[in-house]
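Residue numbers (numbering that gives the first Met the number 0), protein chains in the order written: chain A, 0 to 321; chain B, 0 to 333; chain C, 0 to 145; chain D, 0 to 125; chain E, 0 to 662.
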Amino acid sequence: MQERVKAKAIELLESGCRVLGWKAGEFFYDVTPAVFTSREEIERDFVFNPFCGANQSKYLIAESRRGGRVAAFLKPCDTYSFQQLQKEHRILRENVYAVGVQCPGMCDMDALRAAGLRGVTGAEDRGEKLLVHTLRGDREVDRSLALSERCRVCKSKKLLDCDEMIGQQGEELVSTRFTEVERLEAMTPEERFAFWRGELSRCIRCNACRNVCPACSCEKCVFDNPASGAENKAPASSFEENLFHIIRAFHVAGRCTDCGECSRVCPQHIPLHLLNRKFIKDINQLYGPYQAGADLETRPPLVDFQQDDPEPSIVGERGTNP
Amino acid sequence: MKKLPLSQLDALFAAIAEKRRLYIPAGEAGTASFTPWREGLKLTDALNTARSAKDLFFPQVENLADFKVTGKQIQVIENRDPAEPFVLFGVRACDCRSFDILDKVFLCDPVDTYYQARREQGTVVTLACTEPEETCFCTALGIDPTDPAGDVTAWMAEGFLYLRANTARGEELLSSLPLLEEGEKPEQDRSVFEKLPLRDLDWSAFGGERMMERFNAPQWASLAESCLGCGTCTFVCPTCQCYDIKDFNTGGGVKRYRCWDSCMYSDFTLMSAGQPRPTQLERFRQRFMHKLVYYPANHEGEFGCVGCGRCLQKCPISMNIVKVARALGEEAKP
Amino acid sequence: MQVNQEFRPTIAAFCCNWCSYAGADLAGTNRLQYPADVKIIRIPCSCRLNPLFILRAFQRGADGVILCGCHPGDCHYTTGNYYARRRMTLLFSMLDYLGIERERTRVEWVSAAEGAKFAETMNEFVSTVARLGENRRLEDLRCKSE
Amino acid sequence: MKDMTELVTRISGANPRKCMKCGKCTAACPAYDEMDYHPHQFVDMVETGRLEELMNSRGIYMCLSCFACLERCPRSVEPARLIEAVRLAVIRQQDKNHLKPEQIPPLLDPDLPQQAITSAFRKYRK
Amino acid sequence: MQKIGVFVCWCGSNIAATVDVETVSDALAREPGVVFSTNYQYMCSQAGQDMIQEKIRELGLTGVVICSCSPRMHEATFRRACEKAGLNPYLVEIANIREQCSWIHKDKAVGTEKAIILGRAAIAKVQLNAPLTAGESPVTKRALVIGGGIAGIQTALDIAEAGFPVDIVEKKPTIGGKMTQIDKTFPTLDCAACILTPKMVDAAQNEKINIISYAQVEEVAGFVGNFSVKIRKRARFVDETKCTGCGLCTEKCPQKNVPNEFNQGLDNRRAIYIPFAQAVPKVATIDPNYCTMLKTGKCGVCSKVCTAGAIDYRQQDEIIQQEYGAIVAATGFEPISMEKFDEFAYSQSPDVVTSLEFERLMNAAGPTGGTLLRPSDGKHPHTLVFVQCVGSRCDGGEKGKPYCSKICCMYTAKHAMLTREKYPDTEVYVFYIDVRTPGKNFDEFYRRAVEEYGVHYVKGMVGKVAPENGKLKVQASDLLGGRQLHIDADMVVLAAAIEPDRSARPLATMLTASMDTNDFFTEAHPKLRPVESPTAGVFLSGACQGPKDIPETVAQAGAAAAKVIGLLSRDHLTCNPCVAESNELMCNGCSACEKVCPYGAITYIDKEFRGPNRTTLVRRVAQVNPAVCQGCGACTVACPSGAMDLKGFSNAQIMAEVDAICK
């Protein structure tokens, strides 16, 4: 895959595009999104490996307005964001050459660390297995162990709106991504409160979740705007922790494609995707199945209605499972 | 040097916690944090905490004063959080060095009395490293992870905890504790530190004297281009020290507090005339210039980085001080 | 000696200008009693209610928040309450998900003619919230220091 | 009897309250002459709870289950489903086997298709 | 620094009995920004208003809070009073301490405490109030009526009567609409043409009315007072200015087998045609689907016979761009298709007809010259069966329309009566579910059909119609008689439900006017604003808003005209200043606000902004048209960044109230 993507990157560069891709880092896993403008740079630094999990569609907001064409390599879930951003008029599609890249699931260094691997200096992809080099010697682990949560419950391998594809077109999958939400819904309110207090109290308001989120592309966020009444730089009280995450999830409700970037980047490992997925699950159940970014036409559920929508009291009536 | 069987660690913690509040690193890798000790709380398996130990002296949010408003009357009420004696156990060499860096900022004239109060009440017990992460590069900054500073230095080896007091405050702590016996720690195998991939980072391109060259380096543009502008690096960093002062209107008055700020934020040092660092490039540059150029310029060449590697692990896009050092160091080569 | 005072909740009631605010006025005109714990905030339409306002109310000391608007289909602005209904349903569901008592929030459709319904709704809501007691899970201690 | 009404509406899934008494069901019924009660009356009797009369009626076995009433009904009340539900309710009454097998043949009109067969077709059509 | 005056009203004892007004005014005097606080018996009285005005002048107040009755009662009064004293009226806030305090509480301490809190909230809000000035927009003094049926004609005539120019856009070659096809009208039985055609002529001759026939609206832009409309006038291949309407071409045209829509396809017309003798404009139209010349280039008979030289085979569609101040939708109705009701054998027998077809069969200008003959064999029918509610009052969805079509009971009574009158040898059955005759002289009319004309009204429905040996076997129920009827009929007439014209839905989209699920236009308020659409400047006339008979349609047409005249008689429109406003610096152009706006008040432009370091960037940003915005605030919540705010009910103002109340 690496070689095909790299060859395509060179081809596109030579056809006059800037190329948005990943640049190799110190280690095998710390790749950084970068824009390539020369063949030498690509040949030297361009990587496409199982750690290229970052959703690059958000960069296209700025890149598509920079003049000229930019080529991007988008994984299936990135293409949902790509299309959702077009729907919100944020990306100038005509300036983007989108190459869809089929994805076997992306790895996450935190997943390896959580599995107890320390001092990891390298890894070799061996199909189902991963040979991990550490400061204290090599260890072979299942590749699935290194997969990030979002990839374990992948919702779709479908590449949307691409100018060309590398790898096979995929299908929407039957995903178990709501299992954890259901588990929480089944708890008592007290248990849920305790769970979320435990999680959200770790928040340091670094805004990584917001800044990485393709749906969070406001010119000025309410949480940065002193006039909004919600601005702050730190979670100065437990209320502010709740406020930030409730409002953030609410603002992306109906627009969140469930790309999972928020949880990937959270330095405190708060399962933020569980907030977004709650909204997605509710929307699917209350207003009919909806996948943000799946098309350009359907009205997002929060700017739409049906005359016979359920009443808000459904939250109480049907217990914790609306 | 004192020693104690590791099996009695809980008893030791209980003894410390009897008289003062005790914080130990606890929790899982990735989210471990300094946590007030309570019965049953275990030391983390992780090398280090997700957030640094600076939180205990320079918390993310700290009350400064209250203003009470009654009708048209305003009353100022002193409302600093009371500083009580505490022990901070398990600080790694890198974090311990960060206290020196912060001290040089907060304890010089004018003294930051909020920081000072906490510093005076805190006893730091450091813990030597044995299992470094690949992201560690304290050794490249002249720090010995196997012999950290602090009021007391601790080692864990062969079933024992070894403790050495380095300061009067450390002596005082150790002398107040039961269960300790005399003992000498065995020699530590340091070979793993020689294998660290970042051990020989070259910092020669940095320092106060290279200010304008580094400031105007063309590399900043490509280094900063994918920066998301979040505050992760600054908030997990043990040496980042910028804060903002904010007023919170409670309805019945105003609470004035300070909280960490991040130079990565678009409203960092925002002035009425606008943002002095208008794009992410300038803001990004500020962070690294501060650590590698401005701080050494003001503090006899000492870098504002301790090589803890947190930013390497936590940056959402894997941009970090090492990549900056490499890119600019490359440029500085003749 | 500790005087055991009866807990009086603080209730913020957002009422749309055209139906529910008028319904509240009608309750007054008909001298229908409901507790003084309820304070009404007039908004042009139920769709003006930003979730931020609800959270703000809880932060500042509210123990319950209720939104009243025109019945679906009767919105003065034709569709406002339909949007409000979706927004509130999702918001309430999220609050519930976070373990915050779902009885603290409510939406009720009250027309300009339903003074009695307004009073009844408020009586009922106040007693529900009073039973729950003080809002602890979504409070901001900084606002409660006095 | 109230329970029985509920049972019948539940089995049938039909809502007799939607009936606007237009009589199109009765107008469309090919077995009209054989029945003591007619489709629109079934609906009314279910709605008003006169189920005992209905359950004792011969008419319910005269229904051909041809679904003309169900197809024609402008209000989706679907009388045929109600009738079928009443028949089921009769069968479900323990110890009151109203209809013995030997009683069936004389009830059948040789000119009409056998309702049992038609019912069976419907029941097993899926 | 704010200088706020607080005025607490006693309202006699209405407030003062349960609220200690003295305590309230004292407590509020201590609030930040308050420089004056008092109480008075009747603030709304002249003396009370004088006091407010005096204090505004004396103290230079920057805001006024009045603690009194509901703002719905006297807000306008106090605003006017303050405006007279030089204070912007939007710097006045009312604390409702009567309806929402003194009247609902008995305990004086409780009432007083709550009144203080409500007063504080009003003070907190007024601190943030900004002076607002109602904007003005000019009004184009021309109206557009879409649809040239009786509704459109009447509306246009009434508007023209008031002196305003008005255009009628009609999609057919002639105006007149459905009423031209009707034979007689109930309950007076006067001839429809006799009352309609003079109106058509009036419309044609009125200088102020411009009829654009054979045309359709293609695009609508703008807003109340300033609509800009694109109309496509289809090519009729006949020069309207030259054609004299002599009709010679329509006689000579060799293409004879074109179904005649005027007679519901019951007979044929030529490829070039004038729909009927009284058509307005009375000019010929070539039907391009049938004209041999247009299809093959060979023929040209009409051109040869036309002495006026009006035939122009090369005519193109014409686009007319026109500005209007008001638009009236008068798109009318259509009977529904009988496709789904084949139990009545409509597709199987020509003798099963709809009521509108029956009108044509009774009409002197119809295919049978006014003699009732069966379409199948041209014989005189002896037994007629009328079926009511075909497709009306159904369960919705697949079954048919859920509503009552309203006119069927009466026209069926008319048909039955006329049949019996002209042909006493006929037997006429009317199958009904209910006979609905609310209306002046309506029930009398129906009773006459039964009592004087001997029409058999049968409560029940027809279940099945089967053509058999030249007869129609009708199987029906007689619910009151408890029998099933079997009638051998000669003709069956179906009272088909009516539905809005199919052009209405796309038109509503263009107008951003809302529609109900049945595609009827929604009125701004079902009781109080029945002829206005919620979209300002768009009015509703006739059956496009709901089923109506002719008198109702004419009444609504006149009412719509009155509303249009009221609008056009103004030079400028004053806009509600409490409207949404987009902060372009914060807007990212995502379109969420536009999607929830019920009025289409939000549009987007690409605007250049200064970026950092002397760069410029072009961004798509929302703009609110204050003349169209009604101030609901839906957009403010849809906007995640808060770029959209509502003047008079801003985020900051509402939060200030929240803070004051929850403290």
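C-beta: ideal position from N, C-alpha, C; glycine also.
Contact annotation for Ala591 (chain E) against chain A: Val302 [CB-CB distance below 7 angstroms, chain order]. Among the bridge pairs identified by DSSP, His455 (chain E) is matched with E:Tyr428. The beta strand (DSSP E) runs of length 3 or more contained entirely in the region 81-136 of chain B are, from start to end of the chain, 85-90, 121-126. If you keep only unbroken beta strand (DSSP E) runs of at least 3 residues inside the region 214-288 of chain E, you get 214-222, 225-232. Its chain contains Ala127, Thr129, Thr145, Trp154, Ala156 as the residues whose beta carbon lies nearer than 8 angstroms to that of Gln187 (chain B), once the 5 sequence neighbours on both sides are disregarded; these appear in chain order.
Put simply, the CB of Ala659 (chain E) is far from chain A, with every gap to its CB atoms at 8 angstroms or more.
Contact annotation: Pro380 (chain E) and Ser513 (chain E) have beta-carbon atoms that are not nearer than 8 angstroms.
It is roughly 33 angstroms from the alpha-carbon of Glu61 (chain B) to the alpha-carbon of Phe205 (chain B).
Around the C-beta of Asn468 (chain E), fewer than 16 other C-beta atoms lie within 10 Å, and the residue is accordingly described as exposed.
Bounds of any alpha helix (DSSP H) do not take in Phe6 (chain E); it lies within the beta strand (DSSP E) bounded by 3-8. Note that the C-beta distance between Leu46 (chain B) and Arg213 (chain B) is not below 8 angstroms. In summary, Glu127 (chain A) is exposed, with fewer than 16 beta-carbon neighbours lying within 10 Å of its beta-carbon over all protein chains present.
Close partners of Gly228 (chain B) in chain A (Cβ separation under 9 angstroms): Asn206, Asn210.
In this structure the region 33-41 of chain D touches the region 57-65 of chain D; the number of beta carbon pairs closer than 8 angstroms is three or more. Burial is judged here by how many other beta carbons sit within 10 angstroms of a residue's own beta carbon; Thr573 (chain E) has fewer than 16 and is exposed. A Cβ-Cβ separation of about 42 angstroms leaves Ala556 (chain E) out of contact with Gly588 (chain E) under the 8 angstroms criterion.
Lys194 (chain B) has a beta carbon lying at 8 angstroms or more from every beta carbon in chain C.
Within its own chain, the residues whose Cβ lies closer than 7 angstroms to the Cβ of Gly230 (chain B), once the five positions on either side in sequence are excluded, are Ser261, Met263, Tyr264, listed in chain order. In this structure, DSSP gives Asn122 (chain C) a helical state, which the three-state scheme calls helix. Per DSSP, reduced to three states, the secondary structure at Leu188 (chain E) is coil, with no helix or strand assignment. Note that the region 257-273 of chain A does not touch the region 99-108 of chain C; fewer than 3 beta-carbon pairs, one per stretch, sit closer than 8 angstroms. DSSP, reduced to helix, strand and coil, places Asp2 (chain D) within a helical segment of the structure shown. Here DSSP, grouped into helix, strand and coil, assigns Gln315 (chain E) to coil. When CB distances to chain E are screened at a threshold of 8 angstroms, the residues of the region 10-33 of chain D falling below it are Lys17, Met19, Lys20, Cys21, Gly22, Lys23, Cys24, Thr25, Ala26, Ala27, Cys28, Tyr31, Asp32, in chain order.
For Val305 (chain B), none of the residues of chain A pass the 7 angstroms Cβ criterion, the least Cβ distance being about 18 angstroms. For the 8 angstroms CB-CB criterion, Arg79 (chain B) and Tyr114 (chain B) do not form a contact. Within 7 angstroms of the CB of Thr120 (chain A), the CB atoms of chain B belong to Glu133, Pro196, in sequence order along the chain. Ala579 (chain E) and Cys245 (chain E) have their alpha carbons spaced roughly 58 angstroms apart. Only exposed fits Lys71 (chain B), as fewer than 16 other CB atoms lie within 10 angstroms of its CB. Under the three-state reduction of DSSP, Gln321 (chain E) is assigned to strand. Those residues of the region 281-300 of chain A placed with their C-beta closer than 9 angstroms to a C-beta in chain B do not exist.
Lys398 (chain E) carries a coil assignment under DSSP once its states are collapsed to helix, strand and coil. Listed along the chain, the chain C residues whose CB falls inside 8 angstroms of the CB of Glu310 (chain A) are Arg84, Thr88, Val106.
Assignment of Val211 (chain A) by DSSP, reduced to helix, strand and coil, places it in the helix class. Among the residues of chain C, those whose CB is under 7 angstroms from the CB of Ile653 (chain E) are Ile40, Ile42, Phe52, following chain order. Here the alpha carbon of Lys322 (chain B) sits roughly 7 angstroms from the alpha carbon of Gly24 (chain A).
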